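For the sequence shown, the working numbering gives the first residue as -19, with consecutive numbering after it. Yeah, the Cβ is synthetic: ideal placement off N, Cα and C, and Gly gets one too. Since the structure is predicted, the reported quantities are computational estimates derived from the model, not experimental observations. So the structure is just underneath, and the comments pick up after that.
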Amino acid sequence: MTISSMTGYARTQVRVEGQFVYTLSLKSVNHRFLDMQLRLPGGMDALEMELRRALKEALVRGHVELTLSLERSTQMKAGYNRDLVANYLGAFNAAKEEFNLQGEPDLNAALRLPTALQSESRSNGETELTALTESVKQQIEPLLDELKAMRAREGEALASLLNAALDRLAEAVKGVGALRPEVEQRYQERLTQRLTAATGNEFNRQRLLEEVAILVDRSDIAEELERMTTHIAHFRELLAAGGEAGKKLDFLLQEMNREANTLLSKTGGVGGKGTRITELGLAMKAEIEKAREQVQNVE
């Protein structure tokens, strides 16, 4: 099992009983939660509820757009309401004779009357709606499978990028670990020199060394390196396990960034090999930031 991206697209076009053709499409991009936007023809409220339920059952996160567009395959023939137009003409002529008026009836005005224009070859609206609804209900599950398959493929690509970032991050941690003993020795020597210069012979040398040891211990980066290594291992486990991992991965990267910041604050100003640790610490932060950009698209 692998992680899934929140980016995907799926589309199908279906012809129903020779009456009409419809296109059903799904598009998803990253989002903190599951955000659904459905575009359906009017009068399909019941179908919309079922489609929303299907999306919730299949997907965890992402902004999902579902669009249903309808194209009738039969030509509609225009007709008119003969009784309505006849009544209009009769009323016009009666008023003309009664009031001795001049003028002729306006056909355009007559055809603009409500329900004056009609279709002579309309398919039954209720039957069409039922056929469309049943067909879409049959198509939504395989379409969701297609969308999830694409999101899974995108997830594999993301996992590859994230694992590469983890490799570089682990290499930087290893490099800092190799430099740590020498930097700690240098830090201890500098502290001893500064404290000796500041206190002269007023303090017992043994007490001075004890104070130096305490300060050096506070600046030790062993715990940061250990926690960073643990976070990297946990991150890899989550990638391998798959499922809904995006939020957990983002949290881990926040923790890694905190450890990198602490490491930099403890080793700043040491000089010598400490400069190299600073370079590696900044490299860690750069890899963490790159990984965070990728993780924003993980479901």
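{"Check": "Residue environment, E279, which counts as buried when at least 16 other CB atoms sit within 10 Å", "Outcome": "buried"}
{"Check": "Cβ shell of I212 (< 7 Å), same chain only, five flanking positions each side left out", "Outcome": "L146, L149 and A150"}
{"Check": "Contact under 9 Å by Cβ, R208 with V153", "Outcome": "Checking the sequence, you will find Met at residue 208 rather than Arg. Yes. Within cutoff."}
{"Check": "Range of the contiguous alpha helix (DSSP H) that encloses T209", "Outcome": "A202 to A221"}
{"Check": "A96 - DSSP class collapsed to helix/strand/coil", "Outcome": "coil"}
{"Check": "Expected contact under 8 Å - CB spacing of S(-16) and A132 to nearest Å", "Outcome": "5 Å"}
{"Check": "For L14, the residue or residues it bridges with in DSSP", "Outcome": "G42"}
{"Check": "Neighbourhood of E(-3) by C-beta distance below 7 Å, restricted to the same chain and skipping five residues each side", "Outcome": "A111"}
{"Check": "Residue nearest to A266 in terms of C-alpha spacing, selected from N241, L93, S245 and D125", "Outcome": "N241"}
{"Check": "Pick from K228, G42 and V(-6) that is closest to P280, judged by C-alpha positions", "Outcome": "This structure cannot settle anything about residue 280, because the visible part of the chain is limited to -19 through 279."}
{"Check": "Close-in-space but distant-in-sequence residues of the same chain around E203 (CB under 8 Å, 5 per side omitted)", "Outcome": "none"}
{"Check": "Sheet register partners of V1 (DSSP bridge)", "Outcome": "R(-5) and E51"}
{"Check": "Residues near E224 by beta carbon distance below 8 Å, same chain, minus five either side", "Outcome": "V40, R41 and E279"}
{"Check": "Exposure label - M236; buried when at least 16 CB within 10 Å", "Outcome": "buried"}
{"Check": "For Q82 and T47, the rounded distance between their alpha carbons", "Outcome": "55 Å"}
{"Check": "Segment limits, alpha helix (DSSP H) that includes Q234", "Outcome": "G226 to T247"}
{"Check": "Residues that S8 bridges to, as DSSP identifies them", "Outcome": "G(-12) and V44"}
{"Check": "Residues bridged to R65 [DSSP beta-bridge criterion]", "Outcome": "The sequence shown places Val at residue 65, not Arg. Its beta-bridge partners do not exist; DSSP assigns none."}
{"Check": "First through last residue of the alpha helix (DSSP H) which encompasses L81", "Outcome": "Where L81 is concerned, there is no enclosing alpha helix (DSSP H), given that its DSSP letter is neither H nor E."}
{"Check": "Proximity of A26 and T113 at Cβ, strictly below 9 Å", "Outcome": "yes"}
{"Check": "6 Å CB neighbourhood of K270 in its chain, flanking five on each side removed", "Outcome": "A145"}
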